[in-house]
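Going by full-length UniProt numbering, the sequence shown opens with residue 1, and the numbers climb by one from there. Yeah, the Cβ is synthetic: ideal placement off N, Cα and C, and Gly gets one too. Keep in mind it's a predicted model, so treat the numbers as computed, not measured.
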Amino acid sequence: MYTMLIIPFHSIQRNYLDVIEAAHDEAASYNATSGSSISRAYRGKPTGTSSSNATMWTTKNVSMTACGHPVRNNTEVVSIAGVAGGILAFIAFILRIIARMKCCGGEFGVDDWVMAVTMLLTIALSSLSVVLADTGLGKDIWTLPFNNITRILKIYFFDECLYLSILPLTKISILFFYLRVFPKRSFRTAVYAVIGLNVCYMIAFVLISVFQCRPLNGAWLHWDGEHQYQCNNINAQGWAAAIFNMALDFVVMIMPLRELYHLQLSLRKKLLVMFMFSLGIFVTLVSILRLESLIHFASTDNLTWDYVQVGYWSTIEVHVGIICACLPAIRSLLTRICPNIFGDTRAQTGSSRSGGVSSRLESAVQKMDNSSHLDLRGSR
1 MYTMLIIPFH SIQRNYLDVI EAAHDEAASY NATSGSSISR AYRGKPTGTS SSNATMWTTK
61 NVSMTACGHP VRNNTEVVSI AGVAGGILAF IAFILRIIAR MKCCGGEFGV DDWVMAVTML
121 LTIALSSLSV VLADTGLGKD IWTLPFNNIT RILKIYFFDE CLYLSILPLT KISILFFYLR
181 VFPKRSFRTA VYAVIGLNVC YMIAFVLISV FQCRPLNGAW LHWDGEHQYQ CNNINAQGWA
241 AAIFNMALDF VVMIMPLREL YHLQLSLRKK LLVMFMFSLG IFVTLVSILR LESLIHFAST
301 DNLTWDYVQV GYWSTIEVHV GIICACLPAI RSLLTRICPN IFGDTRAQTG SSRSGGVSSR
361 LESAVQKMDN SSHLDLRGSR
């Protein structure tokens, strides 16, 4: 009796595994011959195939489950990067606003209003990280309901536009800060030119991102392989945006160094001020780390898993940029609260001045942003 039961069971088990193996081989053959519509879209090729990606992922989910493959879950990384970084950036922004209040000797400027807009967009970006994690970003694509995959890609589409707006706006805020601090005409002309470049960057890459697929909904529907969409080479698009952004970061970072070098400060204080203005190097380092994650963009089929690294580095890059842009104001506030600890970078005046000072320069010094406390009387 026992033998009669066990033999059919083994027969059923073998047949079941044979079906799974055949389905798995069919999916592998499909990938090898035509490639999924996901990777084709990222290489800029038309999507739409005779075989559905949805069917392929269903088959893979069955085979992975039957073989006891562990279920991977990296969703916490997505939400933590968004929430923790967003909180730190928001705290930095609030401290910046406090430093600008009249009671603290500050004054609001265009740079602060630009940063306020940037912060609003960043709050949206950080909040969407939680939504993405709850929807399944950080899990293997074959474990997710199909509606979740579409929703993740749709949210990611808007995330891209926010990201490509926040980065140049952060730099524009820093550049307007330069205009408040440095009065020299040639320097100000250069600053306006770089502001123009950042505006062009934002408009160009946001439009490219919005129209990455034709029709537009191909950006979040191309994954299923059941529709015809023509998409840009999104991987190349991501690399181009990253490289141009890093170049602009570098320009913004080195612009004030020559002006700062001529400040009438002791060497120690001068180096301290130059370091404060060069904190953008940390944003550049994060951008470089993000570039490594873009490599997976070229051939990804498991997008809900492979997007995680790109996503959290992009989020960290945004948050670090805002924090660095707010640090001069934060230091000013801390200097007022704890002058013995944080010191004062104001230069000595009086007989140590060299040469006359124009009335415009004096006015610039008096109205200068309190977040730096720099004496530019040595600047020409």
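Rounded to the nearest whole angstrom, the C-alpha separation of VAL206 and GLU160 is 8 Å. Assigned with DSSP and collapsed to three states, ASN148 falls in helix.
Distance from the Cα of ARG258 is smallest, within the candidate group ASN232, GLY218, LEU216 and TYR178, for TYR178. Inter-residue distance for ASN232 and MET56 is about 24 Å (C-alpha atoms, whole angstroms).
Rounded to whole angstroms, the Cβ separation of VAL130 and GLY82 is 6 Å, and the two are in contact under 8 Å. At the C-beta level, ALA99 and GLY109 stay beyond 7 Å of one another. In this chain, PHE211 is not harboured by any alpha helix (DSSP H), its DSSP state being neither H nor E. When the five nearest sequence neighbours on each side are left out, the beta carbons in the same chain lying within less than 8 Å of the beta carbon of SER287 are those of ALA242, ASN245, MET246, ASP249 and GLU317, in order along the chain. The DSSP-derived three-state label of GLN309 is helix. Spatial neighbours of TYR156 in its own chain (CB-CB distance under 6 Å, excluding positions within 5 residues in sequence) are not present. Sequence-distant Cβ neighbours of THR284 in its own chain, meaning closer than 8 Å and more than five residues away, are MET246, ASP249, PHE250 and MET253.
Proximity of the region 67 to 78 to the region 121 to 140 meets the contact definition, three or more beta-carbon pairs being nearer than 8 Å.
A residue is called buried when at least 16 other Cβ atoms come within 10 angstroms of its Cβ; CYS67 does not meet this threshold and is exposed. Within the region 70 to 135, the alpha helix (DSSP H) runs of at least 4 residues that lie entirely inside it are, in chain order, 75 to 100 and 110 to 135.
DSSP places LEU334 in the helix class (H, G or I) of the three-state scheme. Pairing ILE195 with LEU167 gives a Cβ-Cβ distance that is not under 7 Å. Contact between ALA219 and LEU153 holds: CB atoms are separated by about 7 Å, below the 8 Å threshold. With contacts defined as CB atoms closer than 7 Å, CYS326 and PHE93 qualify as a contacting pair. Residue ILE203 holds the alpha-carbon nearest to the alpha-carbon of LEU169 among LEU144, PHE182, ILE203 and PRO183. Listed as beta-bridge partners of LYS139 by DSSP are ASN73 and LEU137. The residue from ILE337, GLY311, ILE330 and HIS69 with its alpha-carbon nearest to that of LEU162 is GLY311. When the five nearest sequence neighbours on each side are left out, the beta carbons in the same chain lying within less than 7 Å of the beta carbon of MET276 are those of LEU327, PRO328 and ARG331, in order along the chain. Beyond the five residues adjoining it in sequence on each side, PHE182 comes within less than 6 Å, by CB distance, of GLU259 in the same chain, given in chain order. One Cα belongs to LYS171, the other to GLY321, and the distance between them is close to 8 Å. Take GLU292, set aside five residues on each side of it, and no residue of its chain has a beta-carbon closer than 6 Å to its own.
Separation of THR118 and TYR201 (C-alpha to C-alpha, rounded to the nearest whole angstrom) is 15 Å. Among the bridge pairs identified by DSSP, CYS231 is matched with CYS213.
In the structure shown, PHE177 falls within a helical segment according to DSSP collapsed to helix, strand and coil. Residues of the same chain with a CB within less than 7 Å of the CB of PHE187, apart from the 5 flanking positions on each side, are GLU259 in chain order. For TRP142, the closest alpha carbon among the candidates ALA124, GLY225, MET274 and TRP305 is that of TRP305. Here ASN198 carries a helix assignment [DSSP, helix/strand/coil].
Assigned with DSSP and collapsed to three states, PRO256 falls in coil, not helix or strand. The Cβ neighbour count for CYS324, taken over all protein chains shown within 10 Å, is at least 16; the residue is labelled buried. For PRO183, the three-state secondary structure derived from DSSP is coil.
Pairing ASN198 with LEU333, the inter-Cα distance amounts to about 29 Å.
Between ARG290 and TRP313 a beta carbon distance of about 4 Å is seen, short of the 8 Å cut, so the two are scored as contacting.
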